[in-house]
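This report concerns only the one structure given below.
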Amino acid sequence: MRAARAGDRGRPSGGLPLLLWFYMRISAIGMIGLVIGHLYIMHILNSTDTIDFAFVAERFRGPLWRTYDLVILIFALSHGLVGLRGIFDDYIHHRGWRVAAEVAMWVVGVVFLALGALVLFTFQPPAAGR
Amino acid sequence: MYRGHPGMLAWALHRITGLAVLLFLFAHIVETSMILVGPEAYNKALELYRQPWFKPLEFLLVAAVLFHAGNGIMVMIIDFLPTPSRTYRRMFWIGAGVYAVLLVPVAYFMLGGLVGLR
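First to last, the sequence lines map onto chains S and G.
For the first sequence, this note's numbering gives the first residue as 84, with consecutive numbering after it.
For the second sequence, this note's numbering gives the first residue as -5, with consecutive numbering after it.
The following block contains the structure:
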């Protein structure tokens, strides 16, 4: 057996598991630079002491950071949910409960995606100088 | 527990950090959405993160993301370049070393203020 090196348990042979296996890698490559940039800007250059409404309102004045955050939101949430699906697969042995958990997970996921996207698409910063 | 199999430790940590980051992401989306309610509601939501006891958790969050990213890169390397167990063992320790060194400046910038270093 191929050992579980670094968390790699081998590539699935086909079907949906293989597609999801590829998706985990594509989303990882797609977001890794953006996520490290996000950590650097928000936790090293700034901090929770300097980030407030005014900071975020300024940041969301144009489309650049909204787009940046939307890409991270989509990649991170979907990557996390597919990962969670893997955990369900491993620990929920009863097929019915596993399907139920996965359906509930995707419903919750869509709600959170919608909430995040709602912020990025509809937030109106107050007029400058306020 | 993971005697002789650093890959199993890496695998367990990959799961735990992934799950932890996902849980934080849910909280982060809810907290960010308070900005639609108004400045007061948003600043109130951010107060949680300003508590001194939250700072170490914030550092652990960044450390978890960095581990997950670093180990994920390792997983992808192994996917495409079949790696003998012995080579992986070496990669694991090099990765662990790079990770430990990287965490020093991160801890300095994130926690330094807490202990009067900055």
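Glycine included, C-beta positions come from ideal geometry on N, C-alpha and C.
Only a predicted model underlies this, so the values are computations on that prediction, with no experimental measurement involved.
Under the three-state DSSP convention, the category residue i falls into
i       : result
S96/S   : coil
T26/G   : helix
Y(-4)/G : Any reading at Y(-4)/G must be qualified, since the residue scores a pLDDT of 49, below 50, and its modelled position is unreliable; the value itself is stated next. Note: Y(-4)/G maps to coil in three-state DSSP.
I10/G   : helix
R168/S  : helix
V193/S  : helix
D152/S  : helix
M84/S   : Because M84/S sits at a pLDDT of 39, beneath the cut-off of 50, its placement in the model cannot be relied upon, and the following sentence gives the value as read from the coordinates. The answer is coil: DSSP assigns M84/S none of H, G, I, E or B.
D173/S  : helix
L117/S  : helix
I109/S  : helix
I134/S  : coil
Min CB distance residue i to chain G below 8 Å
i      : result
L160/S : yes
L198/S : yes
L122/S : yes
L108/S : First, the residue type needs correcting, since residue 108/S is Arg and not Leu in the sequence shown. Yes, R108/S counts as interfacial toward chain G.
R142/S : no
F111/S : Before going further, note that residue 111/S is Ala rather than Phe in the sequence given. At least one chain G Cβ lies under 8 Å of A111/S.
F206/S : yes
L167/S : yes
Element boundaries [alpha helix (DSSP H), containing residue i]
i      : result
N129/S : It is not in any alpha helix (DSSP H) - N129/S carries neither H nor E in the DSSP assignment.
G66/G  : 48 to 74
A210/S : Unbroken run through A210/S: none, as it is neither H nor E.
V98/G  : 79 to 105
F143/S : Where F143/S is concerned, there is no enclosing alpha helix (DSSP H), given that its DSSP letter is neither H nor E.
L40/G  : 33 to 44
Contact set for residue i: own chain, Cβ-Cβ below 6 Å, skip 5 residues either direction
i      : result
A58/G  : T11, A14, V15
L101/S : P95
R85/S  : Unreliable positioning characterises R85/S in this predicted model, as indicated by a pLDDT of 48, which lies under 50. The coordinate reading is nonetheless provided below. Cβ neighbours of R85/S beyond the five flanking positions: G93.
G107/G : none
CB contact below 8 Å: residue i versus chain S
i     : result
I88/G : no
I23/G : yes
Cβ neighbours of residue i in the same chain (closer than 8 Å, five flanking residues each side left out)
i      : result
F138/S : N129
F48/G  : L42
L7/G   : F61, N65
Close beta carbons around residue i, own chain, < 7 Å, minus the five adjacent residues each side
i      : result
F143/S : R149, F206, P208
Y102/G : L111
F74/G  : none
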